[in-house]
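Q:
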Amino acid sequence: MASLLCSCLLLLLASATSPGRLVPYDLLYADGVRAYFARDWGRAAELLQRALHNYAGLRAARRACRAACRREVAFLGGSPGSGPWEAALFGRVLQRADCLQYCLGRRLGAAPSAHRASRTIRRDFEQREPYNYLQVAFFQLKKLDQAVSAAHTFFVANPQHLQMREDIEKYRRMSGVKLDNFRDLEAMPHWEEYEAGMQHYNADEYLQAAARLEKSLTEALSALEECHALCEGPWEDEDKEEEEEEMQHGLYEAIAAHYIQVLKCRQQCILEIATKPGRISATEDFIPSHLDLLQFAYNQVGNQTLAAECAASYLLFYPTDEPMLEKMKQYRTELGEDTAVTARESIQHYVQRSLMEKKLIYYAVEHLGGTFNDPDLWTPDELIPENLKEKHREDQEKQKQEMQDVEEREKRGPFLFEGVSVTMDSQQMNGTQRVVFDRVLTESECKDLLRLTKAAGEAGDGYQIRRSPHTPHERFEGLTILKAMQLAQNGNVEWRDARLLLQASEKSRKIIESYFTPGKELHFSFSHLVCRTAIDEEQEGRMDLSHPVHADNCLLDPEGQECWREPPAYVYRDYSGILYLNDDFQGGGLFFTEMDTVTVTAEVHPKCGRLVAFSSGKENPHGVWAVSRGRCCAVALWYTHSKEHAEQERVKAEELMEKNGMEQDWCDGEECQGADHISRSFSEPSLPNSRARPTSWRHKPGSDRMQHPKELRARDEF
């Protein structure tokens, strides 16, 4: 007990410098939101800033106290013969609990339970929602620098947020806003160092790269330790109430369940620190990849000692990796066989602890039930239970087969469709899975479809002549095939023009299917007749694109040279096409880039009847040059192999067309004076297009968000 008293005194001294009572951040947040909607901007800004400060303070207190109590009340080192095992084990558990309660109480100024916020509030802070409110409050207070920083901080983690994207662009055009105002107030140190290191590495600046990557690795391991400490929180289970109704856990079952939950949380920490803000998917092999990059960089600058150390550390993750084993053999030869080469102690500790946790988790899954999604690729095969190994092998075989299918399609020669010519193929376009066809439509057909766009625009296309969702310098108009049929049914456009749109899109589908995937059916995912019109008074000094660079089925990350196939991207899309209708305008051409979104690899100039088609993945980042004069019109087409994601509106459109065909047959040779009236009476109301949404450019896209109640959404106050 003397040692415990000593520990408590140390903790008292450690917490003596902390401020007084820490007000729970969820209460401050709620008051701040209320002030926001009361338009009390000063109070809203103050409360929201305090909420963010106290949220960070609470996490810091928990990390510090758990680290301190882990040192002061260790579970190992007691005398084996000091008493019964229960007293030896649970005595330490009780002391650790007492230590945590005391430390947190001193730091927070209140019982720790007062700081247990709801999951909704915790999610808001994880997704940086307070900054959404803060930027508006600061703007209203004429504090532009703080407003810009708050907006940028929110946008980094929520790049798919359309309103914030517009706000960011407004800030960029405002006088008095400086470039350094766009800073991330929640920036993660290891990601800043990692990205800087990768820039040096890609520029062959290996000495600078090694320095920054070392800092990144150190910060990442530190972030892992902090995450592990935060995992030791209260038991949480969404299905807890349902489980309790079925069965009440006994002492050891409850301890085991909570302990395994903590271990699983610790295992998921690597995903948290390896995931950039705004991402869902983590960078694979984040820690091992650091070591691989470092060994190469050190080797390039002639430091074989550190190169060998990094290689030995990497082999802890992948002990049978042949290229790295060859490197180790080379380093030992250069350094001398007598030179001891060992892995880093920090990496040894990380791997040993992770393997221990995995072993316990897999034991629990096998014997007590439950599931475990192992976040690591390097987990030894012998740790995985036999009943899970088969599924793992099946997934690998499926991925291998998909790669072979892509290679086979690439080997296939050019396709010639009747009356259609291949103008450029993948090789001529400096990429893969790209092609340009000409003469898909005649000049007359292009004019008919352009007439359809004009009539549809006059009748109302669901956009109320809004500006483009991608740029404020253009007006965007769109018409779905179903809407075209409804307009024809109401007499606003000619049936033959609406029918031509249906036929042109189907012809394009057959061309693309037979060229890229013969024998494997493509289904329409979405079809859209779109026009982009330059707004004359908005063109001076224009620097943006008509449509920013993106990929169609994944979230493009140019900084990380990745494209994440995850929501909110349309992950089920396999191929894309654009069928142009005119060329009497300036700009508006399609271009392809490297993954960096900057290096242009190919361009396609619009003309009547030209169809450009390409696979929808990361191999084909693309954008659209600004339309600086006139009106560019085209049929945008997306396809999928997945029948369950087939476009349902198209089915309705075809039904309307078939119905019209039967009415025309019935009326053949008769007056049919009431035909138009009948058609109108059965027409469906126009549906606004809810599927055409923008994709972000140069920013890190984020995850799907749960919608907040209307009263908790930040409004556009500009």
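In case it helps, mature numbering (1 follows the signal peptide of the UniProt record, and there is no 0) puts the sequence shown at residues -16 to -1, 1 to 702. Even glycine gets a Cβ: it sits at the ideal position worked out from N, Cα and C.
Cα-Cα, which of F21, I465, E550 is closest to Q487?
A: I465
Q: Could you tell me if H351 is buried or exposed, where buried requires 16 or more neighbouring beta carbons within 10 angstroms of its beta carbon?
A: When all chains shown are included, H351 counts as exposed.
Q: Just to confirm, are L319 and A348 a CB contact at a threshold of 8 Å?
A: For the 8 Å CB-CB criterion, L319 and A348 do not form a contact.
Q: If you draw a straight line from the alpha carbon of S133 to that of D168, how long is it in whole angstroms?
A: 7 Å
Q: Between the alpha carbons of S600 and Y564, how many angstroms are there, rounded?
A: 18 Å
Q: Checking the sheet assignment: what are the DSSP bridge partners for I562?
A: According to DSSP, which records beta bridges pairwise, I562 is partnered with V596, A620.
Q: Excluding five sequence neighbours on each side, which residues of the same chain lie with their C-beta closer than 7 Å to the C-beta of V582?
A: none
Q: Buried or exposed: which applies to L197, given that a residue is buried once 16 or more other Cβ atoms fall within 10 Å of its Cβ?
A: By the neighbour-count rule (16 or more Cβ atoms within 10 Å), L197 is buried.
Q: Contact defined as beta carbons within less than 8 Å: I believe Q111 pairs with D151. What is the distance between those atoms, to the nearest angstrom?
A: Their Cβ separation, rounded to whole angstroms, is 17 Å, which puts Q111 and D151 out of contact at 8 Å.
Q: Quick one: is E225 buried, meaning 16 or more other Cβ sit within 10 Å of its Cβ, or exposed?
A: Its pLDDT being 41, under 50, E225 is placed unreliably in this model, and the value from its coordinates should be taken loosely. E225 should be labelled exposed.
Q: Tell me whether Q570 sits in a helix, a strand or coil according to DSSP, three-state version.
A: strand
Q: For the region 277 to 304, list the alpha helix (DSSP H) runs that are entirely contained and at least 4 residues long, ordered along the chain.
A: 288 to 301
Q: If you draw a straight line from the C-alpha of K438 to the C-alpha of S560, how long is it?
A: 25 Å
Q: Taking the alpha carbon of E370 as the reference point, which residue from G354, A195, Y346 has its own alpha carbon closest?
A: Answer by Cα proximity: Y346.
Q: Along the alpha helix (DSSP H) that carries H212, what are the first and last residues, could you check?
A: 190 to 214
Q: From which residue to which residue does the beta strand (DSSP E) around D422 run?
A: 418 to 422
Q: When the Cα of L529 is compared with those of H184, G607, G160, which residue comes out closest?
A: G607
Q: Starting from the Cα of D269, find the closest Cα among R80, H531, L300, L214 and give me that residue.
A: L300
Q: Of the choices K126, F166, R156, Y13, whose alpha-carbon is the least far from that of F109?
A: Comparing Cα-Cα distances from F109 to each of K126, F166, R156, Y13, the minimum goes to Y13.
Q: Of all the options S492, T577, A29, G571, which has the alpha carbon lying nearest to the alpha carbon of W609?
A: G571
Q: Check whether the region 590 to 598 touches the region 507 to 522, taking contact to mean three or more Cβ pairs, one atom from each stretch, closer than 8 Å.
A: no
Q: What three-state label does DSSP hand A324 in the structure shown?
A: Three-state DSSP puts A324 in coil, outside helix and strand.
Q: Does any C-beta atom of chain C lie closer than 8 Å to the C-beta of S206?
A: Among the chains in the structure shown there is no chain C, since it carries only a single protein chain.
Q: Using a threshold of 8 Å, state whether the C-beta atoms of L11 and C49 are closer than that.
A: no
Q: If we count the other Cβ atoms within 10 Å of its Cβ and call it buried at 16 or more, is K467 buried or exposed?
A: buried
Q: Could you spell out the range, first to last residue, of the alpha helix (DSSP H) harbouring V349?
A: For V349, the uninterrupted alpha helix (DSSP H) run begins and ends at 329 to 352, by DSSP.
Q: Use the C-beta contact count for R634: other C-beta atoms within 10 angstroms, 16 or more gives buried, fewer gives exposed.
A: Classification of R634: buried, given that the 10 Å Cβ count is 16 or more.
Q: Assuming K342 and T363 are in contact, meaning their beta carbons sit under 8 Å apart, how far apart are those beta carbons, in whole angstroms?
A: At roughly 6 Å, the Cβ-Cβ gap stays under 8 Å, so K342 and T363 are in contact.
Q: Among residues of its own chain, excluding the 5 on either side of H625, which ones have a beta-carbon nearer than 6 Å to its beta-carbon?
A: D558
Q: Under a three-way DSSP split, which group does C547 fall into?
A: strand
Q: Please report the residue range of the beta strand (DSSP E) in which L425 lies.
A: That residue, L425, is in no beta strand (DSSP E); it is neither H nor E in DSSP.
Q: Can you check which of these residues, R418, H212, V419, E461, is closest to S338 by C-alpha distance?
A: H212
Q: May I ask you to report which of helix, strand or coil DSSP gives A518?
A: strand
Q: Please classify F74: does DSSP put it in a helix, a strand, or coil?
A: helix
Q: If you draw a straight line from the alpha carbon of G415 to that of I368, how long is it in whole angstroms?
A: Inter-residue distance for G415 and I368 is about 40 Å (C-alpha atoms, whole angstroms).
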